[in-house]
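**Student:** If you read the sequence shown in the working numbering, its first letter stands for residue 2, the second for the next number, and so on. The beta carbon of each residue, even a glycine, is placed where N, CA and C say it ideally should be.
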Amino acid sequence: MSCRGKLDNLKYLFSPSSIAVIGASRKPGKIGHAIVKNLLEYGFKGKIYPVNPTANEILGLKAYKSILEIPDEVDMAVISIPAEKVLQAIDEAGRKGVKVAVVITSGFSEVGNVDLERRMVELAHKYGMRILGPNIFGIAYTPANMNATFGPKDILKGGIAFITQSGALGIALMGWTLLEEIGLSAIVSMGNMADLDVAEVSQYLADDPNTKVITIYLEGLKEGTGKTFIKLMREVTRKKPVIILKAGRSERGAAAAASHTGSLAGADVIYDAAFRQSGILRAITIEEMFDWARAFALQPLPKGENVVIITNGGGAGVMATDACADYGVNLYTLPDDLKEEFRKCMPWFGSPKNPVDLTGMAVEDNYYKALKVAYSDERIHSIIVLYCRTAILDPMSLAKVIVQAYREAKSEGREKPTVVCMIGGTDVYNAMRYLNREGIPAYPIPERAVASLGALYKYKRYLEKIGEHKTH
Ligand code: COA
């Protein structure tokens, strides 16, 4: 039985007003304990009901012997009990009127228990209930302060939704994104995708005002779902950029993916074509996926093709120029009047061609003036700022000047996609973290900055091709 199309239930997956944790445990270190703790400590605003047949209280909350005893409506049930007990829990949750069950438990189709998994979904659908999982680490939605996972407690809030078919990778990335100042709206562990799949979750997030870009770690789709996937994802990419990291590219990688999630890894070229047809951007590495996502989450789409590079290092400028050719970023051949304007921002031995080379003599004021020119001239559409650490220009002072120029431009309605690359040591790293926090994506090497701007251009051109160009 299919429940596809009933996206209404998905609002209970992301913003439930009450959650029952079936298998909430009294023992620290157990999954059912960690989930209740994360819900509490990340500040979930709704009600939390631990369910455990032998406990009276868990982490200071009253525990219930059965979900049926809870004297309130329950929107979502997180299930963390052994596989052989899950059917009964689903039945009781269905009777209670639960809208969506998040099934953490392993031991279903991924180890050959296909029949148990099918029966679970059929039972849930009998009650109009949807299932996320099984075999997952949970779900988090930061605008609702909901961390219903057994991953780390803290998640930095932001505009990137991350959907993952690998649980362990998802948990690991929760900590990494925090370290890298990557703000997330949602983290969704998909597991076996017995019911809800990547396309349906993406469809919901496409209309979520807190999500600006959707990132997906995908190993493969289920047999027979390819065409629907393309159709649904086409609708999603009309509204939001989608970046997929599709693992299992090589023959052996595909075989590993098939045994991991039991999904159809299939020929990589087929996935590649499907992604292109649906307007999905394909990243090859995790770093690439989050680099691009950061640019989408923080910056508007460009309004035109003309890009200018502003640098204090000739070599960095050359590398960025090469990268522009690699990633489809068009460097603007500056007309004479603009060259004259840029010349006023640099020492006499600088170069006002594009890359605009302010030279190693450059200090904050040189960058500020050059940025003012770039933001105020309508013929320039996007800006790449490069900086190599010098003893005469402190990276944090430069970062502050970049933020100032960007904010001034924004307040005058002249906001343009801006990416920064800063090359250097610890103080440079701290300046980049500051820029990222202030809404300007910053990267440690030129190629990553250019590739991220290139992703904005790729998506902009796709929207133009399908007649949906907009600047979000
Ligand atoms: N309803 C509610 N609670 C129940 C229950 C029921 N029907 N049956 C048992 N419980 C309670 C237990 O008493 C226990 O609480 P306690 O520790 O306070 O005694 C708690 O629920 C958990 O049950 P337990 O039998 O101890 O299971 P477990 O915690 O050892 O394992 C899973 C349960 C789900 C974690 C385990 O089966 C599993 O699937 N692990 C893998 C999860 C995973 O890796 N997922 C994929 C991640 S990417």
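Grab the span of the beta strand (DSSP E) containing residue 418 for me, first residue to last.
**Tutor:** Residue numbering aside, residue 418 sits at position 417 when the sequence shown is read from its first letter. Neither: residue 418 is in no beta strand (DSSP E) and is coded neither H nor E.
**Student:** Do residue 30 and residue 24 come within 8 angstroms of each other at the CB atom, strictly closer than that value?
**Tutor:** Taking the first residue of the sequence shown as position 1, residue 24 is located at position 23. Taking the first residue of the sequence shown as position 1, residue 30 is located at position 29. No, Cβ-Cβ distance for residue 24 and residue 30 is not below 8 angstroms.
**Student:** Among the candidates 451, 11, 253 and 40, whose CA atom is the shortest distance from the CA of residue 308?
**Tutor:** As a first step, residue 308 must be located in the sequence shown, where it is residue number 307. From the listed residues 451, 11, 253 and 40, the smallest Cα separation to residue 308 is found for 451.
**Student:** Run the CB neighbour count on residue 73, radius 10 Å, all protein chains shown included, and call it buried at 16 or more, exposed below.
**Tutor:** Residue 73 sits at position 72 when you count from the first residue of the sequence shown. When all chains shown are included, residue 73 counts as exposed.
**Student:** Go through its chain and collect everything with a Cβ distance to residue 378's Cβ below 7 angstroms, but skip five positions before and after it.
**Tutor:** Against the sequence shown, residue 378 aligns to sequence position 377. Taken in chain order, the residues that qualify are 339.
**Student:** Could you check whether the Cβ of residue 107 sits closer than 7 angstroms to any heavy atom belonging to ligand 1?
**Tutor:** Locating residue 107 in the sequence shown gives position 106, where the first residue counts as 1. Within the cutoff, so yes.
**Student:** Select from 137, 327 and 381 the residue whose C-alpha is nearest the C-alpha of residue 334.
**Tutor:** Taking the sequence shown and counting its residues from 1, the one referred to as residue 334 is at position 333. With distances taken between Cα atoms, residue 334 lies closest to 381.
**Student:** Just the Cα atoms here: how many angstroms apart are residue 64 and residue 449?
**Tutor:** Your numbering for residue 64 matches position 63 in the sequence shown. Your numbering for residue 449 matches position 448 in the sequence shown. Those two C-alpha atoms are separated by around 50 angstroms.
**Student:** Specify the secondary structure class of residue 159 as computed by DSSP and reduced to three states.
**Tutor:** Counting from one through the sequence shown, the residue named residue 159 turns up at place 158. It is a strand residue.
**Student:** Just the Cα atoms here: how many angstroms apart are residue 93 and residue 203?
**Tutor:** On the sequence shown, residue 93 is found 92 positions in, with the first residue counted as 1. On the sequence shown, residue 203 is found 202 positions in, with the first residue counted as 1. If you take the alpha carbons of residue 93 and residue 203, they lie about 29 angstroms apart.
**Student:** Is the separation between the beta-carbon of residue 441 and that of residue 299 shorter than 8 angstroms?
**Tutor:** Stepping through the sequence shown from its first residue, residue 441 is reached at position 440. Stepping through the sequence shown from its first residue, residue 299 is reached at position 298. Yes, they are a contact pair.
**Student:** Comparing alpha-carbon positions, which option in 197, 104, 295 and 426 lies nearest residue 1?
**Tutor:** This structure cannot speak to residue 1, because the chain is shown only from 2 to 473.
**Student:** Going by C-alpha distance, which of 280, 149, 310 and 367 is nearest residue 44?
**Tutor:** Working through the sequence shown from its first residue, we reach residue 44 at position 43. Considering only alpha carbons, the answer is 149.
**Student:** Pick from 272, 313 and 241: whose alpha carbon is nearest that of residue 248?
**Tutor:** Counted from its first residue, the sequence shown places residue 248 at position 247. Nearest of 272, 313 and 241 to residue 248, Cα basis: 272.
**Student:** Assuming residue 212 and residue 129 form a contact by the criterion Cβ under 8 angstroms, report the distance between their Cβ atoms to the nearest whole angstrom.
**Tutor:** As a position in the sequence shown, residue 212 is number 211, starting the count at 1. As a position in the sequence shown, residue 129 is number 128, starting the count at 1. Contact flag wrong, Cβ pair sits at about 25 angstroms.
**Student:** Should residue 279 be labelled buried (16 or more other beta-carbon atoms within 10 Å of its own) or exposed?
**Tutor:** The count along the sequence shown starts at 1 and reaches residue 279 at position 278. Looking at its Cβ environment, which holds 16 or more other Cβ atoms inside 10 Å, residue 279 is buried.
**Student:** Quick test of your reading: residue 346 and residue 367, contact by CB under 8 angstroms. State the CB separation rounded to the nearest angstrom.
**Tutor:** By 1-based counting over the sequence shown, the position of residue 346 is 345. By 1-based counting over the sequence shown, the position of residue 367 is 366. About 5 angstroms separates the two Cβ atoms, so the contact holds.
**Student:** What three-state label does DSSP hand residue 209 in the structure shown?
**Tutor:** What you label residue 209 is simply residue 208 of the sequence shown in a count that begins at 1. The answer is coil: DSSP assigns residue 209 none of H, G, I, E or B.
**Student:** Can you give me the Cβ contacts of residue 3 inside the same chain, cut-off strictly under 7 angstroms, excluding the 5 residues immediately before and after it?
**Tutor:** As a working note, residue 3 is residue 2 in the sequence shown. In this predicted model, residue 3 has a pLDDT of only 46, less than 50, meaning its place in the structure is not dependable enough to derive any value.
**Student:** Using a threshold of 8 angstroms, state whether the C-beta atoms of residue 21 and residue 91 are closer than that.
**Tutor:** For the purposes of this step, residue 21 is identified with residue 20 of the sequence shown, where counting begins at 1. For the purposes of this step, residue 91 is identified with residue 90 of the sequence shown, where counting begins at 1. No; because the gap between Cβ atoms is not below 8 angstroms, this pair is not in contact.
**Student:** Taking buried to mean at least 16 other C-beta atoms within 10 Å of its own C-beta, is residue 83 buried or exposed?
**Tutor:** Locating residue 83 in the sequence shown gives position 82, counting from the first residue. Exposed, since its Cβ has fewer than 16 Cβ neighbours within 10 Å.
**Student:** Just to confirm before moving on: does the CB-CB distance between residue 112 and residue 80 stay below 8 angstroms?
**Tutor:** For the purposes of this step, residue 112 is identified with residue 111 of the sequence shown, where counting begins at 1. For the purposes of this step, residue 80 is identified with residue 79 of the sequence shown, where counting begins at 1. Not in contact: residue 112 and residue 80 (Cβ atoms no closer than 8 angstroms).
**Student:** Which first and last residues belong to the beta strand (DSSP E) in which residue 48 is found?
**Tutor:** Counting from one through the sequence shown, the residue named residue 48 turns up at place 47. Per DSSP, residue 48 belongs to the beta strand (DSSP E) from 48-52.
**Student:** Tell me whether residue 103 counts as near ligand 1, meaning its Cβ is closer than 7 angstroms to at least one heavy atom of that ligand.
**Tutor:** Working through the sequence shown from its first residue, we reach residue 103 at position 102. Result no, Cβ not under 7 angstroms from ligand 1.
**Student:** Hey, how far is the Cα of residue 78 from the Cα of residue 468?
**Tutor:** By one-based count along the sequence shown, residue 78 stands at place 77. By one-based count along the sequence shown, residue 468 stands at place 467. So the alpha carbons of these two residues sit roughly 42 angstroms apart.
**Student:** Rank 426, 446 and 417 by C-alpha distance to the C-alpha of residue 458 and give the top, closest one.
**Tutor:** By one-based count along the sequence shown, residue 458 stands at place 457. Cα-wise, what sits closest to residue 458 is 417.
**Student:** Check whether the segment 152-159 and the segment 175-184 are in contact - that is, three or more C-beta pairs closer than 8 angstroms.
**Tutor:** yes
**Student:** Using 8 angstroms for Cβ pairs, my map puts residue 190 next to residue 165. What's the rounded Cβ distance?
**Tutor:** As a position in the sequence shown, residue 190 is number 189, starting the count at 1. As a position in the sequence shown, residue 165 is number 164, starting the count at 1. Between residue 165 and residue 190 the Cβ distance is about 6 angstroms, and since that is below 8 angstroms, they are a contact.
**Student:** Please report the distance separating the alpha-carbon of residue 318 from that of residue 207.
**Tutor:** Counting from one through the sequence shown, the residue named residue 318 turns up at place 317. Counting from one through the sequence shown, the residue named residue 207 turns up at place 206. A direct Cα-to-Cα measurement between residue 318 and residue 207 gives close to 37 angstroms.
**Student:** Once you ignore the five residues that flank residue 192 on each side, which residues in its own chain have a CB closer than 7 angstroms to its CB?
**Tutor:** Position 191 of the sequence shown holds residue 192. Taken in chain order, the residues that qualify are 134, 135, 136, 137 and 168.
**Student:** Using only the heavy atoms of ligand 2, determine whether one of them is closer than 7 angstroms to the beta carbon of residue 53.
**Tutor:** Ligand 2 is absent from the structure shown, which contains only ligand 1.
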